[in-house]
Structures are given as structure tokens and as C-alpha cells.
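Data block below; observations after.
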Amino acid sequence: MNENSSNKLNAKDLIHVGIYTAILAVLLCVFACLGIIPVMMLSLVVIPPVIAGIPYMLFLTKVKKFGMILLVNILLGLMLWVTGMSYYATIVGTITGLIAEFIYRKGEYKSKKMGILAYAVSNLYIWSNYFGIFYNAEEYFSTRQEYGQEYIDSVQALLPAWMSPVLLIANFLFGLLGGYIGTKVLKKHFEKAGIV
Amino acid sequence: MIQFKHVSFSYTGEEKSLKDVSCSFEEGRITLICGPSGCGKTTMIRCVNGLIPHFYKGKLEGEVLINGWHTSDTPLQKLSHHVGSVFQNPRSQFFNVDTTSEIAFGCENFGMPPEEIIRRIEEVVKQTGLQDLMDRNIFQLSGGEKQKIACAGVAAQEPEVITLDEPSANLDYKGVCHLQKMLALWKKQKKTVLIAEHRIAYLLPYIDQVLVMEDGEIRETYTGEAFSLLSEEELHKRGLRGKTFENAVTMELPPVKDNKDRMVLNDLRFGYPGESMLLDIPGLELPKGEIIAVVGANGRGKTTFLRCLCGMEKRCKAMLTYNGQSWNRKQRLKHLYMVMQDVNHQLFTDSVLEEVMISQEREDKEKAMEILRLLDLEDVAMRHPLSLSGGQKQRVAVASALASKREILLFDEPTSGLDHRHMLQVADILKQLKEQGKTVILVTHDGELLKQVCTVKISLDAKKETQCQEIKHSVIRKYCRLPKPNSCG
Amino acid sequence: MDYKVNLKPTSLIDPRTKLLLLFVISVYVLGGTGGEKMKVFYWILVFIPVLLLLSDRRWKLFLISVLVYGCSFVAQNLLQGDLTALQSVLALTVYVFVKFLPAVFMARYIMATTKASEFIAAGKKMHLPDAILIPISVIFRYFPTIREEYGSIRDAMKMRGIFMGGGKASQMVEYRLVPLLADSTLIGEELSAAALCRGLEVGVERTCIWQVKMRFLDHVLIGFCILTIFWSIFGGLFYDPI
Chain B
259 MNENSSNKLN AKDLIHVGIY TAILAVLLCV FACLGIIPVM MLSLVVIPPV IAGIPYMLFL
319 TKVKKFGMIL LVNILLGLML WVTGMSYYAT IVGTITGLIA EFIYRKGEYK SKKMGILAYA
379 VSNLYIWSNY FGIFYNAEEY FSTRQEYGQE YIDSVQALLP AWMSPVLLIA NFLFGLLGGY
439 IGTKVLKKHF EKAGIV
Chain W
11 MIQFKHVSFS YTGEEKSLKD VSCSFEEGRI TLICGPSGCG KTTMIRCVNG LIPHFYKGKL
71 EGEVLINGWH TSDTPLQKLS HHVGSVFQNP RSQFFNVDTT SEIAFGCENF GMPPEEIIRR
131 IEEVVKQTGL QDLMDRNIFQ LSGGEKQKIA CAGVAAQEPE VITLDEPSAN LDYKGVCHLQ
191 KMLALWKKQK KTVLIAEHRI AYLLPYIDQV LVMEDGEIRE TYTGEAFSLL SEEELHKRGL
251 RGKTFENAVT MELPPVKDNK DRMVLNDLRF GYPGESMLLD IPGLELPKGE IIAVVGANGR
311 GKTTFLRCLC GMEKRCKAML TYNGQSWNRK QRLKHLYMVM QDVNHQLFTD SVLEEVMISQ
371 EREDKEKAME ILRLLDLEDV AMRHPLSLSG GQKQRVAVAS ALASKREILL FDEPTSGLDH
431 RHMLQVADIL KQLKEQGKTV ILVTHDGELL KQVCTVKISL DAKKETQCQE IKHSVIRKYC
491 RLPKPNSCG
Chain X
3 MDYKVNLKPT SLIDPRTKLL LLFVISVYVL GGTGGEKMKV FYWILVFIPV LLLLSDRRWK
63 LFLISVLVYG CSFVAQNLLQ GDLTALQSVL ALTVYVFVKF LPAVFMARYI MATTKASEFI
123 AAGKKMHLPD AILIPISVIF RYFPTIREEY GSIRDAMKMR GIFMGGGKAS QMVEYRLVPL
183 LADSTLIGEE LSAAALCRGL EVGVERTCIW QVKMRFLDHV LIGFCILTIF WSIFGGLFYD
243 PI
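Chains as they are written, first to last, in the numbering used here: chain B, 259 to 454; chain W, 11 to 499; chain X, 3 to 244.
Written as C-alpha cells, this is what we have:
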């Protein structure tokens, strides 16, 4: 009966998944509300990836088995779905979560570089929230007619179709930055304090 | 029957916490494991409930047997049917949001039929008088009430062995009384109970056996009776708290010299939205430069009183006149400083020195070091505040208060969960602050601390005390004599 | 007097129905999927949360929602045609409000009338695995913890005079997040230990004292949700925009 030898997730792992999903969800929710303002819409790929990097890197120190990263993404995706963001996040989040799992496993669940990369990949579900605008623009805006033409114009001006890959890259890069800052904060505080 | 056979344990990367411990706990007996902080009593408890070696990793030698099974070969889930555990921190040990589910939680995990679980819950509630706490949100309960729910949850599992790890650390007098009721019940039911504690007064009537530990070894073994004959001094020598169980609310203080300097608190009124008025203090004179205790039952608003006083509660508009200046809420935020019960929340930076310097008006390393020297923190100046012990963290908070030149310091339960030596340390700091001319106001239910340092007492108790009704405003000031021992009814 | 465990469901409808409603409302009201042809459904969905709040005697929330809808309805009628910049901002705000509120009210209703344990019971009925159910119960338990912790961190900052982290954005985040996270590692550790000692383990058959059951109203509402989805997909075949 040695939990280390078993690769199945145990109760402790699942409790950690719950705690960090809650923290990430709160952060996401706080900053997603900024997205109502047109200009701030772009900030969605900047601010949340950078800030969420700190709890995420702390979360990764608890990850020693396959499945935890994926679960966090599925749960976050479900929450985004239920609260009406879009179901794209659930699908994309599941896929990126799975890729991130493999990346972090490659780093043997301790490599910080792989951790940063895993984070940058896993948080791409944020980008998927724009899908509605890019691939379904007509419908997206038909439902937002009443925001006023000015709003639509400004959103469309900000988000022409070629912006999609740009945002993807931005999301990824800011994810890397967030992961990097996360490891720095981890070192400055949690490692120095002997918590991890 | 629980047996320890030459058990040694060291947490990964640390020194040995248990050194070759052999002992046994017979069925149906209540055993107290005591000793100063860090003596290994918590490790003993963890060996019994199986958290060692299944949860806390490290090097375990020897064997622990419960009813003949080796704990290291028995999965935790199976062990949990037989051993129930109550932990120290009421904030972190519950899993559910509502109380009923929390009591049912263990039984649900065992896969019992729902009807049986419900029968057990109803029985436990009846036995322990928890009716008022049922179907409530745990987040709205006090620490003491949470601890009651934790005990009830364990009781519903009906294990043969129950372990408690410093269960009284966060409890007030009433909460401790409830714990006593629980113990009486378990004694009657012939459960095997193991308690790790250094507040022992409330346990004396119930214990059959006492193990005194130090440095990971069992130093002495007593029967319950022999142990209760030890003198206070002998107990303190072993790092233990006194054996009189004092109620901070009714305790009386020795008289103080009437000092003329006073501060006046006016019009402090506060109630949480949708609830009746909790605090209503039209006028209260307090002596300056003294150590003032605020006492009262749990839920009476002691902590709220401190929060209002230092200006954290926005909706509380009081005036404090100090040295001829009148301070409103915003000004009080600048002049008063509260050391919270959970100090972790008020430390922000990555070194002790930095923590002091951000509180200074203009950063001045020399002065900061001077303050640290005063509080015996010089050696840890470059350490991360979160890596320090609880007592050191408290002192870091005090240091930052001194750095920002606060005149009045507030403390919320500064000694909860501390053993005798550490309690004295806190008392020393409070005295030191008094010597420097600071006014200290502290909320506490620790009768021993009160006796050590406090000279003035504010009792928050509207219902019982007749004096309150005379003054009519739920607050009395007492200058009385003779500490007298109390026992729990 | 003997205590009896109160097993009555907290509200009129099943947690599963509540979630379905929240989902449908977010897709069709907040998300506006389906466009013009959904108008009737749209307005019914807007008012379902209000009626649910009423049914649960949440007077205060009910009154607030009626008031807000009333005001925004008037405002929308006033703010038509050529608008000045200020007015269009106002119109936008009102509109966003009306779009968001039904989902918000629905979420409030769910939070106010569902025990976390009822959610878990519903999840069990839906045969969700422990790997999802255990984290969800922890999430429920942890949201209020975050609120408590964040509250005391903010208080401490106020008292120490550290507003916005001394002007630096990085410190503003750092000072708030670090104590919060330090605490979460501690609670994570202790909560796990306590839960394990109470027999929580993955893959072991567990029971649940809370029973959830679909009743008449559930069937009506679920039927309506299915109709809504059906209409949004196939409604175009019958709908003739004038």
C-alpha cells in the first residue's frame, strides 16, 4: 500500500485539483468581467494568463501523476460552459490539457521549463473564447446588434479574422511569461519559505 | 489495544520526531499524551490514525499495531473504520459546506445504507445536544462550533479508537466544556481515546493514563490520579499549562494603580446586516499604557470589537479620543494596529526586514534593525516570514506595528494553541510593549495569560451580568481582586 | 425534542434541472444564440429565474429583479434612434445588464437554494466519476474559503496602509496572491489528511444520504428546454421573418 507506486489519482490529488481549480476560476472570473469593455476584450489573452501563472506553477508542484492537469482544464471548461462563455473552451481546454499532461510528464513532473511550457499550452482555452467572433462572426454579431453599432464596429475593428492566430500566439506567449513569473514568485516566496 | 513496538520516525529531511517509542494503550481507556510543542505528541497520534506512514512521508522503524494489524500494511480507508480523528485546526478539517453532510461524510465514505447513517446522525445529535447547529452553513459557525461538528462526525462513524490532536487549541471556555461532554460520553461508551494536548486542566477528570513526552521520547508515565497531584510548577517544567481551568470571563484581576491618563471611545455601534445590534458602546473610558483584556463568550463580538476599534469595519463610525486628538475611522486605521489571529494574512513580503521597512514612513534600515533587535528577530531578518514559527510571525507583525509608530496595539487571541513556554514569551512581549508606553488591547480566552499580564478587563456580555444592565451598555470596567479558580459545570 | 434529519429537498426543482436551465439561459439569453426566431423563448427564459425566485420566497431578490427589468425596459424604450455618445454608452450598459442578469439571477437562485451535497447527489445520479465529483465538492467548499481569506488579507493591507501594493502593479498582485496561496497549500494538506482519516478514497463505493428526484415541475421545465434547443436548430424551417 504505497501510493507512490500507484499511478492512479488518489483523494489527495483530487482535493488539490479542486482547490486550485477554485482559485483559477475566481481569478478568471474577476478578469473576464473586464472583457465587457471592447478594448479590454483583448486584455483577456494578456492579464489572466500572466496572473494565473502564479497559482498554476504552485499547482504543478503538487502534480506527480497523469491526469491532474487535464482534470483542472475539464473542470474550468465545464464552468465556462455552464456560465455561458462558450463550449469551445470545454473542447479546446480538454485537448490542450491533454497535451500539457504529456509535456509535463516529459519533464518527469519536476522540470520547471516543461512546467512553463505545459502551462502556456494548457491555458490556450482562454483564446478559444474568441472562437465565436472569428468563425461565427455573423451570428455572433447578430445577437449583439443591440450593443449598438459602435460597439460592433469597435469589436470588429479590433478583431478581424487574421487576429485569430495573433491572439493564439499572444495567449501562448503571455502564458509563457505568466509561467515564468510564476516560477519566480515560487522561488521568491514559497521555496524560500520552505512551503514547497 | 494499540501497541507501539520500538517505533522511530523522521519526516523526510528532518531529525527524528519519535525515538524508539514503546508503549501500549488498552481498550476503553483515555490516554493523554502531553509535552511541549515539538515533543512528538502529534507524530504519535499520526502513527495511530495511519497518516504515518500513508500520508506523511518519512522513515518509519518499528511497528504500530492496532487490534493486531500493522498500520503500515493496512490501507487508510480500512483503518478509518476503526480509528476516528479530530484535528487541531477547525478551519481546514471539514469537507462539506453544511453541517449535516459533514457529520454524515465518514459514514457515506464507508458505503453505509442512508437509513442507517440518518439513524446514527439523529442519535449523535441527541447525545451531544447539537440540534441548534444542524442544517447550518459551516462557514457561519465559530471555531468552537466547528470543532463540535468534527467530534460529532467522528462519533457517527462509531470507531473503537478516537484520536484528538490538540482539539482545544482554538476553543474558548464554553467550547472546552463541550469537549468535556464528548469525552464523558466516550468514556461511558468505553472507547479507546488518545489526546495530544498541552492545555490539560479540562482533561484531568477523565484521563486514565498520561504519557509525558519530550524530544520524541516518553519521559514519564502516570496514572490519571497521580498526574493530577502534580503541582503547577511541576507541570510548567514539563511545558504544560496549569491545572486550574480558568474562565477568562468570570476571572477577577488584581487592582491597578489608578492612572490618570485615559482615552475615550465614543459611539461605537455595530451590527451585521440583517442581525440585531452586536455592539453598542456610547462611551467607554480606558486607561492609557495598560494591557487591557477583552473577554466574553464566543460569538459575543470580541473580534468584531477589535475590528471596529481599529477601523476595519466601514459601517462602524466611532470616535476615539487619544491625547486630545479625536480619531475617526480612517485615522484609527493609521494609528491603531491589529495583530490578527491568523498572522499569515498580514505578512506580505519575502523577508522579515522588508516587512518592517514597508511599514516605515521613510525606509530606514538602521531603525528597522533596531526594532528587530528589540523583538529578538535580528537573526531571522533575512528569512521569509512564512518560514518562521507562529510566535516569530507574531513578533514580525508587532515589529511592523512599531515601525509604523502605532500607539495602540490590538491582539486577537495571541496565545491560542501555545504551550506554557510560548505563552510566557507572548506575555513578555506584551509587557515590553507596555514598558514602551504603548497601550495594548487583546481579545483572549486564555485565563493564564490574563493573570500574567492584564490589568484591565472589558467584558462583553449583555445578557448575564447585572452590572451591564446598570451601565446599560453591555460593557463594564472591572478593577477587582483575587484570582479564583473555576471549574466547568 | 428529538432531532430529525431534514431530508426535504431545499427547493422546488432538481439540481439537474437547475443546471440545464442555467445552461440554456446562458446560451440563448446571454449568448443570444438563434437570433430573431428565438424571441418568444428568449423572453420566457428571461422570466423563469424571476418566477423561481418568487416561488422560493426570495422576496428581496425578486423585487430587485423586477425593479431592474422594469427600469431597463423603460430605458431601452427611451434610448432609441440617433443617440449621442453618452446615450449609446448608456444604452449599451442597459443592454449588457439585461443580457447578463437572467444568468446571474439563475446562478443566485441555484446558490441560494441548493446544498453542495445535493449537487453531489445529482452528480452521482448522473454517474459522474469520483475524479469529477470529489474536486467539485472541494470547489464548493473552497469558494467561501477564498472569500474569507481574501477579506482578511484586504483588511490587513488597509490597516498597514498598503494600498494597491505601494503603487507597483506587480506588488499589487503579489501581496494579494501570495498569502492566499500560502494558505491554500496548508489547507490542502490538512483537508486531505482529515478527509482520508474519514475514509475518503477513490474507487470505493460510497453512499449519499441526500436523495434527489425529478418531479412534475422538473419534467415541464426540461421539456421546455428541449423545445428551446429544438427550435433553435430546426425553427428556421418554420420561421418566416416578416
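Backbone N, C-alpha and C fix where the C-beta goes; we use that ideal spot for every residue, glycine too.
So with Cβ pairs under 7 Å, would you call residue i a contact of chain W?
i, result
"residue 7(X)", "yes"
"residue 370(B)", "no"
"residue 118(X)", "yes"
"residue 158(X)", "yes"
"residue 155(X)", "yes"
"residue 207(X)", "yes"
"residue 113(X)", "no"
Looking at chain B, is there any beta carbon in it that lies within less than 7 Å of the beta carbon of residue i?
i, result
"residue 336(W)", "no"
"residue 201(X)", "no"
"residue 47(X)", "no"
"residue 397(W)", "yes"
"residue 108(W)", "no"
"residue 179(X)", "yes"
"residue 140(X)", "yes"
"residue 360(W)", "yes"
Name the chain X residues that come within less than 7 Å of residue i, Cβ to Cβ?
i, result
"residue 453(B)", "184 and 187"
Does residue i come out as helix, strand or coil in the three-state DSSP assignment?
i, result
"residue 171(W)", "strand"
"residue 348(W)", "strand"
"residue 44(W)", "strand"
"residue 80(W)", "strand"
"residue 208(W)", "coil"
"residue 383(B)", "helix"
"residue 364(W)", "helix"
"residue 454(W)", "coil"
"residue 183(W)", "helix"
"residue 216(W)", "coil"
"residue 500(W)", "Residue coverage of chain W in this structure runs from 11 to 499, which leaves residue 500(W) outside it and unanswerable."
"residue 453(B)", "coil"
Return the bridge partner residues of residue i from the DSSP annotation.
i, result
"residue 256(W)", "BP columns for residue 256(W) are empty, so no partner."
"residue 230(W)", "222(W)"
"residue 21(W)", "68(W)"
"residue 195(W)", "Looking at the DSSP assignment, residue 195(W) forms no beta bridge with any residue, so it has no partner."
"residue 338(W)", "In the DSSP output, where bridge partners are listed per residue, residue 338(W) has none listed."
"residue 297(W)", "272(W)"
Closer than 8 Å by C-beta to residue i: which residues in its own chain qualify, once you throw out the five before and the five after it? Chain order, please.
i, result
"residue 116(X)", "12, 13, 17 and 20"
"residue 200(W)", "37 and 38"
Could you work out which residues of chain W lie near residue i, taking near to mean beta carbons separated by less than 8 Å?
i, result
"residue 210(X)", "118 and 124"
Can you give me the Cβ contacts of residue i inside the same chain, cut-off strictly under 6 Å, excluding the 5 residues immediately before and after it?
i, result
"residue 447(W)", "299"
"residue 186(W)", "178 and 212"
Any C-beta of chain X sitting closer than 7 Å to the C-beta of residue i?
i, result
"residue 244(B)", "Since the displayed chain B opens at 259 and closes at 454, residue 244(B) lies outside it and no answer follows."
"residue 241(W)", "no"
"residue 191(W)", "no"
"residue 460(W)", "no"
"residue 307(B)", "no"
"residue 280(B)", "yes"
Mind listing the chain B neighbours of residue i? Cutoff is C-beta to C-beta under 7 Å, in chain order.
i, result
"residue 394(W)", "447, 450 and 451"
"residue 2(X)", "Within the shown structure, residues of chain X are numbered from 3 to 244, placing residue 2(X) beyond reach of any answer."
"residue 190(X)", "273, 274 and 277"
"residue 176(X)", "443"
Give me, in chain order, the residues of the same chain whose beta-carbon lies closer than 7 Å to that of residue i; leave out the 5 immediate sequence neighbours on both sides.
i, result
"residue 473(W)", "For residue 473(W), the predicted model reports a pLDDT of 47, less than 50, meaning its position is unreliable and no value from the coordinates is stated."
"residue 321(B)", "327, 362 and 367"
"residue 29(X)", "35"
Against residue i, what residues of chain X qualify as contacts under a CB-to-CB distance less than 9 Å, listed in chain order?
i, result
"residue 269(B)", "132, 136, 194, 197, 198, 202, 203 and 204"
"residue 253(W)", "The premise fails here: residue 253(W) is roughly 30 Å from chain X at the closest Cβ pair, so nothing lies under 9 Å."
"residue 144(W)", "5, 7 and 8"
Give the residues of chain X in contact with residue i, contact being defined as C-beta atoms less than 8 Å apart.
i, result
"residue 340(B)", "21, 24, 25 and 28"
"residue 284(B)", "145 and 148"
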